[in-house]
Every structure is written in C-alpha cells, then in structure tokens.
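*Asks:*
Number of protein chains: 2
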Amino acid sequence: MKPRLVLDQDDVLAATHDYLADIVFNEFGTGLSRETFDTAPFQEILSADDQKRLYKKIHEVGFFRHIPVKPQAVEVVRALSQKYDIFVATAAMEFPNSFREKYDWLMQHFDFLGCKNFVFCGSKNIINADILIDDMAYNLEAFEGRGLLFDAVHNRQIEGHQRVMNWEEIEKLLN
Amino acid sequence: MKPRLVLDQDDVLAATHDYLADIVFNEFGTGLSRETFDTAPFQEILSADDQKRLYKKIHEVGFFRHIPVKPQAVEVVRALSQKYDIFVATAAMEFPNSFREKYDWLMQHFDFLGCKNFVFCGSKNIINADILIDDMAYNLEAFEGRGLLFDAVHNRQIEGHQRVMNWEEIEKLLN
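Here the protein sequences come in this chain order: B and Y.
The numbering used here puts the first residue of the first sequence at 1, with every later residue one more than the last.
The numbering used here puts the first residue of the second sequence at 176, with every later residue one more than the last.
1) Compare the Cα-Cα distances from R34/B to each of I170/B, Q51/B and F25/B and report the closest residue.
2) Determine, for A317/Y, whether the minimum Cβ-Cβ distance to residues of chain B falls below 8 Å.
3) So with Cβ pairs under 8 Å, would you call P96/B a contact of chain Y?
4) Does V236/Y pass the burial test, meaning 16 or more other C-beta atoms within 10 Å, or should it be called exposed?
5) According to DSSP, simplified to helix, strand and coil, what is T205/Y?
6) Where in the region 256-295 of chain Y do unbroken runs of the alpha helix (DSSP H), each at least 4 residues long, occur, reported from the N-terminal end onward?
7) Count the other CB atoms, across all protein chains shown, that sit within 10 Å of the CB of L196/Y; report buried if there are 16 or more and exposed otherwise.
8) The beta strand (DSSP E) that contains Q226/Y, what's its start and end?
9) Can H161/B and L140/B be called in contact, C-beta distance under 8 Å?
10) Going along the chain, which residues of the region 293-311 of chain Y sit with their C-beta nearer than 9 Å to a C-beta in chain B?
11) Beta-carbon separation of D10/B and T90/B under 8 Å?
12) Apart from the five residues just before and just after P243/Y, which ones in its own chain have a Cβ nearer than 7 Å to its Cβ?
13) Any residues in the region 75-105 of chain B with a beta carbon nearer than 7 Å to a beta carbon of chain Y? Which ones, in chain order?
14) Could you give the first and the last residue of the continuous alpha helix (DSSP H) run that contains D22/B?
15) Residue range of the alpha helix (DSSP H) that Q43/B falls in?
16) Is it buried or exposed, E276/Y, if we count other Cβ atoms within 10 angstroms and call 16 or more buried?
17) Please say whether A215/Y and V328/Y have beta carbons closer to each other than 8 Å?
18) Which residues in chain B have a C-beta closer than 7 Å to the C-beta of K291/Y? List them in chain order.
19) Whole angstroms are fine: how far does the CA of L229/Y sit from the CA of K83/B?
20) Are there 16 or more other CB atoms within 10 angstroms of the CB of A223/Y, so buried, or fewer, so exposed?
21) Is M311/Y buried or exposed, if buried means 16 or more other CB atoms sit within 10 Å of its CB?
22) Quick check on the burial criterion: 16 or more other C-beta atoms within 10 angstroms. Buried or exposed for F287/Y?
23) On the three-state DSSP scale, how would you describe D65/B?
24) So, using beta-carbon positions, are F295/Y and I126/B closer together than 8 Å?
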C-alpha cells in the first residue's frame, strides 16, 4: 500500500494569498506597493475597513473558483501520485458557499486524483494519513502524522515545523 | 481526551431510505405496497426506468435538504456528545450539488456539534477516529477503528459487522 499524502488546498495547491494580494493592490487603493503584500500578512498592513472589505471578497460567489494554481503544483502532484495515495483536505466548513467552487477548482486542475480523494473538513485532526502539507501550523499540530509547513507570508515567523518553500522542493523531498 | 465517534449522515442520522420510499410510493405508481420498500432494496423491486427516475430525484435541487431526521437521533447524539468527540462524515463527493444542502441540514438538526466537526469526503478510510457508525459495509471495511453497521434494507444480508437497529440501541451500547 502506498503511503498517504494529504495536501491542503489554499496556499498549498492554490495561490490564494497571491490572488488576494493582486485584488487588494489593484482594487483597494491602499497606496502600498505590490511587494509589500509578499512580506507581511494582510492583518498587519491593512486598515480595519480594508480587512473587512477583504473578508467580503473572500465570501463573494466565484472567489474560490478563479484562484490560480501554485507554480509546478499540478506537475509535482501528478508525479508524486505514482508513489503516494494523494488526498486533498481543505477547511471548507468556514466557507459553506465555497463547497461547489472548491470542488470544481479541484476537478479542473487535479481531476487525476479522483473526487473521492477530496475531503472538505473543519479540523484536520480527523485526517488519517502519513504526511500532511499545509500552510497553517495549527493544522499540522492537530495532525498525527508527519507535517510539512508550506511557506507563506502568514507563517514566516513560525518555527518548529519542517518548512517547504515551493513545489520543486516538495518533489525533491518526497519523490 | 474523549474518544472520537464518527457518524454517517444518510440512513444513520437522516431517514434517507424512508424519504425515498415515500416518494416512490406516492409518485411513481408502481402498484407496490409501501411496506414492500421496507423489506427489499430499490434495485431489487423497481424497474430499470423507475431506478433511473429515482436516481434523478436524488440529484434534484433540494432533495437532501428535506430528509427527516431518524427517530431519536438528535436526542441520542446530544447525550453521546458529553462522552464522545462527535463528527459527521458523509460521502458528499458523489453528489457535488448536495454540499450546501447537506451542510444546511446538519446545521439545522445538529448545530450543537459545530460545523468544524462535519466532514464531506469520498472514501472513509481517510477518517481518523475510534468508532464509525455507517449503513454501508464498505465504509466500515475501509475504516481502521471499531465499526457499527446501522441496519438498513440494503444491508440486511450482510454479515460480519456488529449491527445496530436504531438510535435507542446505540445509546444503550455507547452511553
């Protein structure tokens, strides 16, 4: 039996932060440079009003449907699927309107995994697998197997987890 | 830490078969008595055309939203939640239009569990828990913990699993 590898969707497979940063930079008129959003989390640099506006954007119909895939994610996941039984587990319960969009996004980009390998959940402590790649440290802490922290602006200060910077690095590490 | 108890949604929490049987009896004009549907699975007693019609019904918008709760399910799950960490895991990936309806149904009847404890998945082998109650034997077989088979018309011939007939019995067994 292949070892089971579980992948988070947002900010692991999907370039969610970058997509949001583009929206804020192009539409919010904050006066901040685009690069600023690559170095600090939104909550540290946006006003309370802009944070509310961002929250609304995320909850808009269609938001999750149009997020670009992270560079090399499709190719590396496809390669790793020879060696691992791959699942995608995403915390969709916080965004009940996103279920169908997240499903359609996964079917568009990762249909080769099969929809039976998609999991929409709240806490990831319910996941039974060998390896979890996630950008949220609390998901890795809830998980019983080996955790890899996918680098993101909002986790750059966090220590204590093995960090992976991109999909090329994951391929070298796991393939 | 409380032991983790995972409950299937259809035909465990929700009276899905009974709801379908009422629809077939009232709308399909099969000539069969209502009791017939309590003793044999649809695929054994319905014509191929009626099976197709039933399949369409299940995929109609609103189908999952209006299924009644199984008798005593709410009361027993509430009582068991004192002793167990309870999750609901449902094979929603086969019905991508059902995500929101299944979520709304759970929030209506089992909101006390919290939406973070709802899991929409394909295979239940991804679930990390101590006990699973399910009406599908293949889900119990995929699961690594203790499995209880919730009695249903479509599993009555299956042996090799501890069978529970209703929620009163589950309360006596687990509380």
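Every residue, glycine too, gets a C-beta built ideally from N, C-alpha and C.
*Replies:* According to the data block:
1) Out of I170/B, Q51/B and F25/B, F25/B has the C-alpha closest to the C-alpha of R34/B.
2) The C-beta of A317/Y comes no closer than 8 Å to any C-beta of chain B.
3) Output row for P96/B: interface = yes.
4) Per the 10 Å Cβ criterion, exposed.
5) In the structure shown, T205/Y falls within a coil segment according to DSSP collapsed to helix, strand and coil.
6) Runs of alpha helix (DSSP H) with 4 or more residues, each lying fully within the region 256-295 of chain Y, are found at 274-285, listed in chain order.
7) Note that residue 196/Y is Ala in the sequence shown here, rather than Leu. So A196/Y counts as buried.
8) Taken as a continuous stretch (DSSP letters only), Q226/Y belongs to no beta strand (DSSP E), being part of the alpha helix (DSSP H) at A223 to H234.
9) Yes, Cβ-Cβ distance for H161/B and L140/B is below 8 Å.
10) Residues F293, V294, F295, C296, G297, S298, N300, I301, I302, N303 and A304.
11) Taking the C-beta atoms as reference points, T90/B is found nearer than 8 Å to D10/B.
12) If we look at P243/Y and ignore the five residues flanking it on each side, its Cβ neighbours are A190 and Y194.
13) Answer in chain order: F87, M93, P96, F99, R100 and Y103.
14) Counting along the chain, the alpha helix (DSSP H) containing D22/B begins and ends at T16 to I23.
15) Here the alpha helix (DSSP H) through Q43/B covers F42 to I45.
16) Flag for E276/Y reads buried.
17) Contact flag set, yes.
18) Think of a sphere of 7 Å around the beta carbon of K291/Y: the chain B residues whose beta carbon falls inside it are M93, G122 and S123, in chain order.
19) Computed Cα separation, rounded: 40 Å.
20) Answer is exposed; the Cβ neighbour count stays below 16.
21) Answer is buried; the Cβ neighbour count reaches 16.
22) With fewer than 16 other Cβ atoms within 10 Å, it is exposed.
23) Residue identity check: residue 65/B is Arg in the sequence provided, not Asp. Of the three classes helix, strand and coil, the one that applies to R65/B here is helix, per DSSP.
24) Not a contact, by the Cβ cut-off of 8 Å.
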